[in-house]
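Each remark here refers to the structure printed beneath this line.
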Amino acid sequence: MKLATLRDGTRDGKLVVVSKDLTRCTVVNHIAATLQRALDNWNEAGPRLERTGEALEAGSQPTERFHEKDALSPLPRAFQWADGSAYVNHVELVRKARNAEMPQSFWTDPLMYQGGSDSFLAPREPIRMADEAWGIDMEGEVAVIVDDVPMGATVDEARDAIRLVMLVNDVSLRNLIPAELAKGFGFFHGKPPTAFSPVAVTPDELGDAWDGDKLSLPLLVDYNGKPFGRADAGIDMTFSFPQLIAHAAKTRPLCAGTIVGSGTVSNKLDGGPGHPVEEGGAGYSCIAEIRTIETIKTGKPKTPFMAFGDRVRIEMKDRDGHSIFGAIDQTVEQYRR
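Oh and the sequence shown: position 70 is 67 in the working numbering, straight run, nothing missing.
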């Protein structure tokens, strides 16, 4: 089943079930007006939404044309957004570039930060920033939306709580982050609003690419119309989604609708830093990673961060080449009040 939230003049939009080919949808306000309401009552709403999806595919359900440009993020705002760093290769590279040793605990204890969840960007909404000097960067990720998770949940309990999967552009302002981390109190200014894919899907839609722990398909990141990243989200993922969820729930319950992200998808593949796509490598899911590799090799980075007018597109396709979640497609613009 595929779900999306369309603009309707309200903050939370209207929930629709979307066809598998992303061309048609049907409004389901008789089941749940919003995705959050569906998640709050998933035991009842989930099966009804599934039946609607089956009727949609069979042609026995009234439909309208689905346009990705009309979609908000599946949850336009959420009670909680917790982003992990499951691809420890990415963390290792970033630290190496600044000659910092990575603690061994990073391989056994996930990194995680709590992001702003009061207002997410729509998947086709511009990334508006006041200053290019802030170091604007994209971060291509995968995320899951969970049902209620009790405090102290086991990994198995966390796995059973996964309801939906979607893609992420976790925008980062790289030049603001070091000073914030130096204060010893985490991110704030360095993590502006995040965007999610037009569609969120139930795990069964992913077939054998989803094993309950991770999603094993390439994440397609295009930058200014050229392939930039093709890293496989199922490779080099040190911590599974159930492990990340259980980590987040160690000292607190997670309410239905909590979003948990994977962190930047990153592959080593050849045992060392990855290579650009044009050189036959898997490329990168963020600019910071290629800059760290440039720094390791030459002593300084050469690839600039994003500037006004730059465009990023993040998508994932099934093994037949069909888009699964639709595309996050954003241009950087200068913010003006």
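Idealized CB from N, CA, C, for every residue including glycine.
Secondary structure, alpha helix (DSSP H): runs of 4+ residues fully inside the region 250 to 329
284 to 295
Going by the beta-carbon positions, is the gap between E202 and D167 smaller than 8 Å?
Position 205 of the sequence shown holds residue 202. Position 170 of the sequence shown holds residue 167. No, the pair does not count as a contact, with Cβ atoms beyond the cut-off.
Give the straight-line distance between the Cα atoms of A233 and P59, rounded to the nearest whole angstrom.
For this step, residue 233 is matched to residue 236 along the sequence shown. For this step, residue 59 is matched to residue 62 along the sequence shown. Sequence inspection shows Asp at residue 233; the Ala mentioned does not correspond to that position. Cα to Cα, D233 sits roughly 43 Å from P59.
Buried or exposed (CB count within 10 angstroms, at least 16 for buried), L212:
One-based indexing of the sequence shown puts residue 212 at position 215. Counting every other CB atom within 10 Å of its CB across the protein chains shown gives L212 a total of 16 or more, marking it as buried.
Span of the beta strand (DSSP E) around D80
In the sequence shown, counting from the first residue as 1, residue 80 sits at position 83. Start and end: W78 to G81.
Host alpha helix (DSSP H) of G50 (start-end)
As a first step, residue 50 must be located in the sequence shown, where it is residue number 53. Counting along the chain, the alpha helix (DSSP H) containing G50 begins and ends at W39 to A55.
Would you mind working out which of S259, G254 and R171 sits nearest A304, comparing C-alpha positions?
As a working mapping, residue 304 is identified with position 307 in the sequence shown. Looking at the Cα atoms, R171 is the closest of the given residues.
Quick one: what's got a C-beta closer than 8 Å to P239's C-beta in the same chain, skipping five residues either side?
What you label residue 239 is simply residue 242 of the sequence shown in a count that begins at 1. Within the same chain, P239 has close Cβ partners V152, D153, A155, R156, I159, G209 and D210.
Euclidean distance between Cα positions of P73 and D307:
Counted from its first residue, the sequence shown places residue 73 at position 76. Counted from its first residue, the sequence shown places residue 307 at position 310. One C-alpha to the other measures close to 24 Å.
Is A246 near M148, with beta carbons less than 8 Å apart?
Start at 1 with the first residue of the sequence shown, and residue 246 comes out as number 249. Start at 1 with the first residue of the sequence shown, and residue 148 comes out as number 151. Remark: C-beta atoms of A246 and M148 approach each other more closely than 8 Å.
For I142, write down the residues that DSSP places opposite it in a beta bridge.
Within the sequence shown, residue 142 is the residue found at index 145, counting from 1. Beta-bridge pairing links I142 to L161 and I256.
How is P335 classed by DSSP in three states: helix, strand or coil?
Beyond the ends of the chain as shown, which are -2 and 334, falls residue 335; an answer cannot be given.
Need the endpoints of the alpha helix (DSSP H) that P175 sits in, please.
Taking the first residue of the sequence shown as 1, we reach residue 175 at position 178. Taken as a continuous stretch (DSSP letters only), the alpha helix (DSSP H) holding P175 covers I174 to A179.
Name the DSSP beta bridge partners of T31, please?
Residue numbering aside, residue 31 sits at position 34 when the sequence shown is read from its first letter. Looking at the DSSP assignment, T31 forms no beta bridge with any residue, so it has no partner.
Check whether the region 217 to 233 and the region 111 to 127 are in contact - that is, three or more C-beta pairs closer than 8 Å.
no
Nearest-angstrom Cβ-Cβ length linking S359 and E312, presumed shorter than 8 Å:
Here the chain covers residues -2 to 334 and nothing more, so residue 359 does not appear.
A97: CB within 7 Å of a non-hydrogen atom of the ligand GDP
Annotation note on the ligand GDP: not contained in the displayed structure, which lists no ligands.
C-alpha distance - R48 paired with I290, whole-angstrom precision:
The count along the sequence shown starts at 1 and reaches residue 48 at position 51. The count along the sequence shown starts at 1 and reaches residue 290 at position 293. Going from the Cα of R48 to the Cα of I290 covers about 49 Å.
Under the rule that 16 or more other beta-carbon atoms within 10 Å means buried, what is F322, buried or exposed?
Taking the sequence shown and counting its residues from 1, the one referred to as residue 322 is at position 325. By the 10 Å Cβ count, F322 comes out buried.
CA-CA distance, F182 and E136?
Taking the sequence shown and counting its residues from 1, the one referred to as residue 182 is at position 185. Taking the sequence shown and counting its residues from 1, the one referred to as residue 136 is at position 139. Cα to Cα, F182 sits roughly 22 Å from E136.
Reduced DSSP category for Q58 - H, G, I as helix; E, B as strand; rest coil
Translated into the one-based positions of the sequence shown, residue 58 becomes position 61. Looking at Q58 - three-state DSSP - the assignment turns out to be coil, as it is neither helix nor strand.
As assigned by DSSP and simplified to three states, the class of A243:
By one-based count along the sequence shown, residue 243 stands at place 246. The DSSP-derived three-state label of A243 is helix.
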